[in-house]
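Accompanying notes for the structure given below.
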Amino acid sequence: MKNSLFVLLLLCAVNAHAGLSKWVDAEGNVHYSDMPPPANAQAKTLRAVPAAGAAAQEAKPGSAPSAAKTYVEREAELKKAQLAKKEAADRAAQEQAAAQAQAENCAAARQNLRTLQEMPRISELDANGERIFLSDEQRQQRIEKAQQTISSLCK
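Shown next as structure tokens:
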């Protein structure tokens with residue numbers, strides 16, 4: 152029983168490498184066959200027979216690569232593509248985070264300028280923790296500095 156099953160599987164495997172042609176005879180009947188069609192029939196090759204030299208050419212290290220890629224090559228290409236896609240997504244996320252941080256810094260600088268321009272008296276704490284008020288000259292210098300900051304951050 153095991154021997155007959157083995158022979159049957161072996162025959163199926165041999166047939167898997169056979170070519171397959173589709174052709175229509177003179178009476179209009181469609182034929183599917185692994186045998187070559189008659190010369191007067193229009194044939195369409197559904198599956199080509201592998202060339203005898205194809206396996207030998209793959210074994211040569213200096214020969215040109217075959218069109219069909221092995222499983223390992225396809226897997227390596229897939230991993231490479233996934234890695235490139237992940238790196239691009241990471242780069243895009245970093246750029247988006249940097250743009251958001253710049254927008255927040257721009258908004259804070261504009262708020263600082265608005266405060267300096269609208270408030271008549273600005274106070275801050277000195278090194279001793281005492282409140283001091285900015286003079287008009289100091290306030291004007293801070294306004295100019297805030298405007299420079301805005302021009303560099305808000306583009």
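Read left to right, the sequence shown gives residues 152 to 306 (my numbering). Glycine included, C-beta positions come from ideal geometry on N, C-alpha and C. Every value quoted in this text rests on a predicted model; they were computed, and no experiment measured them.
Item to check | 6 Å CB neighbourhood of A205 in its chain, flanking five on each side removed | outcome: With a pLDDT of only 49 at A205, under 50, the local geometry of the prediction cannot be trusted, and the value read off the model is given with reservation. Once the five neighbours on either side are set aside, A205 has no close Cβ partner at all.
Checklist entry - Considering only residues of the same chain and omitting the five flanking positions on each side of Y183, which have a CB-CB separation below 6 Å? => result The beta carbon of Y183 is closer than 6 Å to those of K173 in its chain, skipping five residues each way along the sequence.
Item to check | First and last residue of the uninterrupted beta strand (DSSP E) at I283 | outcome: Judged by DSSP secondary structure, I283 falls within the beta strand (DSSP E) whose first and last residues are 282–284.
Checklist entry - Are the Cβ atoms of Q268 and I301 separated by less than 8 Å? => result For Q268 and I301, no; Cβs fall outside 8 Å.
Next on the checklist: Using only CA atoms, which one of L159, A297, N191 lies nearest to N118?
Outcome noted: Past the edges of the chain, shown from 152 to 306, lies residue 118, and the structure says nothing about it.
Next on the checklist: Please return the same chain residues whose Cβ sits closer than 8 Å to the Cβ of C257, not counting the five positions on each side in sequence.
Outcome noted: I301, L304, C305, listed in sequence order.
Checklist entry - Q292: buried (16+ other C-beta within 10 angstroms of its C-beta) or exposed? => result Flag for Q292 reads exposed.
Item to check | Beta-ladder partner(s) of S302, from DSSP | outcome: None; S302 has no bridge partner.
Checklist entry - Hey, how far is the Cα of S214 from the Cα of E224? => result Because S214 carries a pLDDT of 49, less than 50, the predicted location of this residue cannot be relied on, and no value is offered for it.
Next on the checklist: I need the boundaries of the alpha helix (DSSP H) containing E228, first residue and last residue.
Outcome noted: Counting along the chain, E228 sits inside the alpha helix (DSSP H) bounded by residues 222–269.
Checklist entry - Closest to R290 by CA distance: which of S274, Q299, G280 is it? => result Comparing Cα positions, the closest option is S274.
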